[in-house]
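Colleague: Residue numbers (UniProt numbering): 1 to 316. Using N, Cα and C, we set each Cβ at its ideal position, and we do this for glycine too.
1) Would you say residue 224 and residue 210 are within 9 Å of each other, going by their C-beta atoms?
2) Short of 7 Å in beta carbon distance, which residues of its chain neighbour residue 182, apart from the five on each side in sequence? Order them along the chain.
3) Measure from the alpha carbon of residue 229 to the alpha carbon of each residue in 201, 244, 146, 214, then state which is nearest.
4) Since residue 262 and residue 278 are thought to touch, with beta carbons under 8 Å apart, how far apart are those beta carbons, to the nearest angstrom?
5) Can you find at least 3 beta carbon pairs, one from the stretch 190 to 205 and one from the stretch 135 to 145, that sit closer than 8 Å?
6) Less than 9 Å between the C-beta atoms of residue 60 and residue 88, yes or no?
7) Can you tell me whether residue 67 is helix, strand or coil according to DSSP?
8) Under three-state DSSP, which class holds residue 301?
9) By Cβ distance, which residues of its chain are closer than 8 Å to residue 17, with the 5 residues on each side in sequence left out?
10) What is the DSSP secondary structure of residue 274, reduced to helix, strand or coil?
11) With H, G and I counted as helix, E and B as strand and the rest as coil, what does DSSP make of residue 245?
12) Express the C-alpha separation of residue 239 and residue 10 in angstroms, rounding to a whole number.
13) DSSP on residue 258, reduced to helix/strand/coil?
14) With a threshold of 7 Å on Cβ separation, who are the neighbours of residue 298 within its own chain once the five nearest residues in sequence on each side are excluded?
15) Can you name the start and end residues of the alpha helix (DSSP H) that residue 125 belongs to?
16) Please report the straight-line C-alpha distance between residue 292 and residue 216, rounded to a whole angstrom.
17) Label residue 133 either buried or exposed according to how many other C-beta atoms from any shown protein chain fall within 10 Å of its C-beta, with 16 as the threshold for buried.
18) First and last residue of the alpha helix (DSSP H) that includes residue 230?
19) List the endpoints of the continuous alpha helix (DSSP H) containing residue 128.
20) Would you tell me roughly how many angstroms separate the C-alpha atoms of residue 282 and residue 170, rounded to the nearest one?
21) Quick check on residue 306: does DSSP put it in helix, strand or coil?
22) Taking 8 Å as the threshold, find out whether the stretch 93 to 104 comes into contact with the stretch 42 to 52 through three or more Cβ pairs.
23) Measure from the alpha carbon of residue 249 to the alpha carbon of each residue in 106, 178, 164, 114, then state which is nearest.
24) Would you mind sorting residue 219 into buried or exposed? The rule is 16 or more other CB atoms within 10 Å of its CB.
25) Starting from residue 225, follow the alpha helix (DSSP H) in both directions and report where the run begins and ends.
26) In whole angstroms, what is the alpha-carbon distance linking residue 126 and residue 117?
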């Protein structure tokens, strides 16, 4: 009996080591792939922004002709090497446009968070302000994002004129006025969705927490700020992950108001070489790389700030 129990314990420990080993290998492979992906992207940006330190701007580090030569010499794998040649030829131009996709996503979700926190708090704890928050959230969540962008860009011409008149806009590192309008549109839309994620998280915090904060002398605002929100923001991380992933993909809608981001760059190149499927597959691979990175980053943040026994994570 004792031998059987010892054997069972040994098998269990061995299985646990195998599971942890597999997880470690998978995590290492993910980090390695991410490092290679972003290392290549940052190297491309550095090369293109500096005027071509390594190779001329928007040209491949590895000549596509090398892969086409292999494809011609080895017909069995010719299709695969021809696809590699295509990717190496056009990826530099797409990576250059990927910069705007990243900027639109990061800036919009950050500014949206600044608006979303007071919106969520007002909806939960406010009276008149709760109705204002509900009206804003339902309006922005209940109408298409593309329609919102069209209203801002085409319906408010003074907005584009304002940004166009700012010093440096459209010159050097500053993008054109369409990018600023897109940031406003994505920010306002993202704020509505983030506010709902945060509202749900606030309502997940036990009401007694705020009562306890009031009992030790904190005002209602201080109790919300220092007791409720720090817990609620941890609970909201899964929702933020979804919003970040959505914004990466929805940033492609900026192409419809002339923002030269990743989708529009792929569309423009495809209109000249007529290889639409190949171009959009290549763009999809870049989108996938950004989405996987965002997901893993938010999962890491979630593990770091998790409340042991409550948030479902391992904690610090």
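Modeller: Short version:
1) Along the chain shown, one-based indexing puts residue 224 at 224. Along the chain shown, one-based indexing puts residue 210 at 210. Yes.
2) Counted from its first residue, the chain shown places residue 182 at position 182. So the qualifying residues of the chain are 104, 149, 254, 257, 259.
3) As a working note, residue 229 is residue 229 in the chain shown. If we check each option's Cα against that of residue 229, 201 comes out closest.
4) Position 262 of the chain shown, counted from the first residue, corresponds to residue 262. Position 278 of the chain shown, counted from the first residue, corresponds to residue 278. Actually they do not touch by this definition, with Cβ atoms about 15 Å apart.
5) yes
6) Here residue 60 is taken as the residue at index 60 of the chain shown, counted from 1. Here residue 88 is taken as the residue at index 88 of the chain shown, counted from 1. Yes, these two residues count as a Cβ contact at 9 Å.
7) Locating residue 67 in the chain shown gives position 67, where the first residue counts as 1. In the three-state scheme derived from DSSP, where H, G and I count as helix and E and B as strand, residue 67 is classed as helix.
8) In the chain shown, counting from the first residue as 1, residue 301 sits at position 301. Reduced to three states, the DSSP call for residue 301 is helix.
9) Residue mapping note: residue 17 aligns to position 17 of the chain shown, counting from 1. Note on residue 17: pLDDT 49, under 50, position unreliable in the model; no value is reported.
10) In the chain shown, counting from the first residue as 1, residue 274 sits at position 274. Correct three-state label for residue 274: coil.
11) Along the chain shown, read from residue 1 onward, the residue named residue 245 stands at position 245. Of the three classes helix, strand and coil, the one that applies to residue 245 here is helix, per DSSP.
12) Residue mapping note: residue 10 aligns to position 10 of the chain shown, counting from 1. Residue mapping note: residue 239 aligns to position 239 of the chain shown, counting from 1. Reliability of the predicted coordinates at residue 10 is poor, the pLDDT of 48 falling under 50, and no value is obtained from them.
13) On the chain shown, position 258 is the one that residue 258 refers to. Note: residue 258 maps to coil in three-state DSSP.
14) Within the chain shown, residue 298 is the residue found at index 298, counting from 1. Around residue 298: 237, 240, 241, 244.
15) Sequence index remark: in the chain shown, residue 125 carries index 125 (1-based). Its alpha helix (DSSP H) spans residues 78 to 125.
16) Here residue 292 corresponds to residue number 292 of the chain shown, with the count starting at 1. Here residue 216 corresponds to residue number 216 of the chain shown, with the count starting at 1. Residue 292 and residue 216: Cα-Cα distance of roughly 44 Å.
17) For the purposes of this step, residue 133 is taken as the residue at position 133 of the chain shown. With 16 or more Cβ atoms within 10 Å of its Cβ, residue 133 is classed as buried.
18) On the chain shown, position 230 is the one that residue 230 refers to. From DSSP, the alpha helix (DSSP H) with residue 230 extends over 229 to 235.
19) Indexing the chain shown from 1 puts residue 128 at position 128. First-last of the alpha helix (DSSP H) with residue 128: 128 to 141.
20) The count along the chain shown starts at 1 and reaches residue 282 at position 282. The count along the chain shown starts at 1 and reaches residue 170 at position 170. Computed Cα separation, rounded: 27 Å.
21) On the chain shown, position 306 is the one that residue 306 refers to. It is coil, neither helix nor strand.
22) yes
23) On the chain shown, residue 249 is found 249 positions in, with the first residue counted as 1. Here the closest residue by C-alpha is 106.
24) Walking along the chain shown from the start, residue 219 turns up at place 219. By the 16-neighbour rule on beta-carbons within 10 angstroms, residue 219 is exposed.
25) For this step, residue 225 is matched to residue 225 along the chain shown. Note, residue 225: premise wrong, no alpha helix (DSSP H); not H, not E.
26) Here the question's residue 126 lines up with position 126 in the chain shown. Here the question's residue 117 lines up with position 117 in the chain shown. The straight-line gap from Cα to Cα measures roughly 13 Å.
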